[in-house]
Amino acid sequence: MLLKTFDGTAPRGFMIAWTAPAPEGAPAPAQGLASSLLPWAALAAVLLLPWTEDKAARFAAVFSLAALAQMLPVRDAGAVHHQALIWPYPQLLVGATVACYAARVGWPRRFALAAVSALLLSNAATLASLYRDAVRLGGTVAWSEAAYRLADDLAERRPSWTVSLDWGLDNPQRFLLAHDPPVQPLAFPWDWADQGTVEQLEQRMRQGGVLFLALADPAGRAYPQTRQAAEEAARRAGMELVRIREIADIQGRNVFEILEAQPVKR
Numbered sequence: 001m002l003l004k005t006f007d008g009t010a011p012r013g014f015m016i017a018w019t020a021p022a023p024e025g026a027p028a029p030a031q032g033l034a035s036s037l038l039p040w041a042a043l044a045a046v047l048l049l050p051w052t053e054d055k056a057a058r059f060a061a062v063f064s065l066a067a068l069a070q071m072l073p074v075r076d077a078g079a080v081h082h083q084a085l086i087w088p089y090p091q092l093l094v095g096a097t098v099a100c101y102a103a104r105v106g107w108p109r110r111f112a113l114a115a116v117s118a119l120l121l122s123n124a125a126t127l128a129s130l131y132r133d134a135v136r137l138g139g140t141v142a143w144s145e146a147a148y149r150l151a152d153d154l155a156e157r158r159p160s161w162t163v164s165l166d167w168g169l170d171n172p173q174r175f176l177l178a179h180d181p182p183v184q185p186l187a188f189p190w191d192w193a194d195q196g197t198v199e200q201l202e203q204r205m206r207q208g209g210v211l212f213l214a215l216a217d218p219a220g221r222a223y224p225q226t227r228q229a230a231e232e233a234a235r236r237a238g239m240e241l242v243r244i245r246e247i248a249d250i251q252g253r254n255v256f257e258i259l260e261a262q263p264v265k266r
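For the sequence shown, position 261 matches number 261 in the numbering used here, and the numbering has no gaps at all.
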């Protein structure tokens, strides 16, 4: 994942629905998988660091390595949306190293310009291919444009409270709806494992006016236990979770679903 973040291919499958079938009439896929030369340039800059007499290059290297070291122990090394937070320090490391050796060793100016141009062109080609694939295939669940239609639907329904049952659902709705209605995240193990959370959900269900946001595709659910906790709260309240609406993306794939706790039909 770390290498894919540096070469620019990580968004495919993480942010871009890379494995999903393209809708009819969509642009053709990009020819090949363009990737940036950044990881190899950064690696070369790190190897040259002992002989690089440039404070900017050393600072960029220390900052990048220290930040990445904190991410390595966790799943996917923090994933692309966290790894990319160290930008533009890897680029600063490469640029400062090239500038240092161009001045120190006496590299021809055109050689340094050619090296930087090759890196910039590889970055531009990678970015262009990512935009093309994003338009063609759409986003994955947490990055889907279906979040806008979900927000519009919630704005019309005006629930007193909404509860998100998986990762990536609550933040877009909080932003788009400006906390009206409020969104309670229920997407991490320390939430669903708390018996007090189940009791709180049960109480809200009895009061009425609460809607649950979930992912339509079971295979995409990062924390299926949260839905189980909501279903347990519904059973304790003599209710069941009923799907009242599915929200699709521009490719026609059902991405989100809205659930409501309703009395069990006898």
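Note that CB positions come from ideal geometry on N, CA and C, so glycine has one too.
Practice problem: Using alpha carbons as the reference points, say which of L37, D54 and Y223 lies closest to A118. | Solution: Here residue 118 refers to the residue found at position 118 of the sequence shown. Answer by Cα proximity: L37.
Self-check item: Meets three-Cβ-pair contact criterion under 8 angstroms: the region 91-98 and the region 73-80
Solution: These segments do not touch.
Practice problem: Work out the CA separation of H82 and L48 for me, nearest whole Å. | Solution: Within the sequence shown, residue 48 is the residue found at index 48, counting from 1. Within the sequence shown, residue 82 is the residue found at index 82, counting from 1. Approximately 27 angstroms, taken between the alpha carbons.
Practice problem: Mark R235 as exposed unless 16 or more other C-beta atoms lie within 10 angstroms of its C-beta, in which case mark it buried. | Solution: Translated into positions along the sequence shown, residue 235 becomes position 235. Under this definition R235 is an exposed residue.
Quiz item: Is V264 helix, strand or coil when you go by DSSP?
Solution: Here residue 264 refers to the residue found at position 264 of the sequence shown. Here V264 sits in coil by DSSP.
Exercise. Kindly indicate the opening and closing residues of the alpha helix (DSSP H) around Q70.
Key: As a position in the sequence shown, residue 70 is number 70, starting the count at 1. K55 to M71 is the span of the alpha helix (DSSP H), which, as asked, contains Q70.
Self-check item: Reduced DSSP category for A214 - H, G, I as helix; E, B as strand; rest coil
Solution: Within the sequence shown, numbered from 1, the residue matching residue 214 stands at position 214. Note: A214 maps to strand in three-state DSSP.
Quiz item: Under the rule that 16 or more other beta-carbon atoms within 10 Å means buried, what is D170, buried or exposed?
Solution: Here residue 170 is taken as the residue at index 170 of the sequence shown, counted from 1. Per the 10 Å Cβ criterion, buried.
Exercise. In the DSSP assignment, find the alpha helix (DSSP H) that holds E232 and state where it starts and stops.
Key: Sequence index remark: in the sequence shown, residue 232 carries index 232 (1-based). Residues P224 to R236.
Quiz item: I think M205 touches A248, with their Cβ atoms under 8 angstroms apart; what is that distance to the nearest whole Å?
Solution: Here the question's residue 205 lines up with position 205 in the sequence shown. Here the question's residue 248 lines up with position 248 in the sequence shown. Not quite, the Cβ-Cβ distance comes to about 27 angstroms (not below 8 angstroms), so this is no contact.
Quiz item: Grouping DSSP H, G and I as helix and E and B as strand, with all else coil, what is V183?
Solution: Numbered from 1 along the sequence shown, position 183 holds the residue referred to as residue 183. Annotated three-state conformation of V183 is strand, per DSSP.
Quiz item: Which residue comes first and which comes last in the alpha helix (DSSP H) that contains W40?
Solution: Reading the sequence shown from its first residue, position 40 is the one you call residue 40. Run containing W40: L38 to L47, per the alpha helix (DSSP H) assignment.
Quiz item: From G209 to W161, what does the alpha carbon distance come to, in whole angstroms?
Solution: On the sequence shown, position 209 is the one that residue 209 refers to. On the sequence shown, position 161 is the one that residue 161 refers to. If I take the Cα positions, the gap works out to 7 angstroms.
Quiz prompt | For L211 and R157, believed in contact at Cβ under 8 angstroms, the rounded distance | solution = For the purposes of this step, residue 157 is taken as the residue at position 157 of the sequence shown. For the purposes of this step, residue 211 is taken as the residue at position 211 of the sequence shown. Contact holds; Cβ gap of about 7 angstroms.
Self-check item: Sub-8 angstroms separation of A261 and M239 beta-carbons
Solution: Stepping through the sequence shown from its first residue, residue 261 is reached at position 261. Stepping through the sequence shown from its first residue, residue 239 is reached at position 239. Yes, Cβ-Cβ distance for A261 and M239 is below 8 angstroms.
Quiz item: For the beta strand (DSSP E) that contains V163, what are its first and last residues?
Solution: On the sequence shown, position 163 is the one that residue 163 refers to. Per DSSP, V163 belongs to the beta strand (DSSP E) from W161 to S164.
Quiz prompt | Residue from D133, T52, A155 and A125 whose Cα sits closest to the Cα of A103 | solution = As a working mapping, residue 103 is identified with position 103 in the sequence shown. Among D133, T52, A155 and A125, the Cα nearest to that of A103 is on T52.
Quiz item: Exposed or buried, which one is P172 when buried takes at least 16 other CB atoms within 10 Å?
Solution: One-based indexing of the sequence shown puts residue 172 at position 172. Around the beta carbon of P172, 16 or more other beta carbons sit within 10 angstroms, so the residue counts as buried.
Quiz item: Nearest CA to the CA of V141: which residue from T5, I16 and K4?
Solution: Position 141 of the sequence shown, counting from 1, holds the residue named residue 141. The residue among T5, I16 and K4 with its C-alpha nearest the C-alpha of V141 is I16.
Quiz prompt | Contact belief for A214 with D152 at Cβ below 8 angstroms, rounded distance in angstroms | solution = Here the question's residue 214 lines up with position 214 in the sequence shown. Here the question's residue 152 lines up with position 152 in the sequence shown. Here A214 is actually not in contact with D152; their C-beta atoms are around 18 angstroms apart, not less than 8 angstroms.
Quiz item: Whose C-alpha, out of S164, W87 and Q228, is nearest the C-alpha of D7?
Solution: Translated into positions along the sequence shown, residue 7 becomes position 7. Of the candidates S164, W87 and Q228, the residue whose Cα lies closest to the Cα of D7 is W87.
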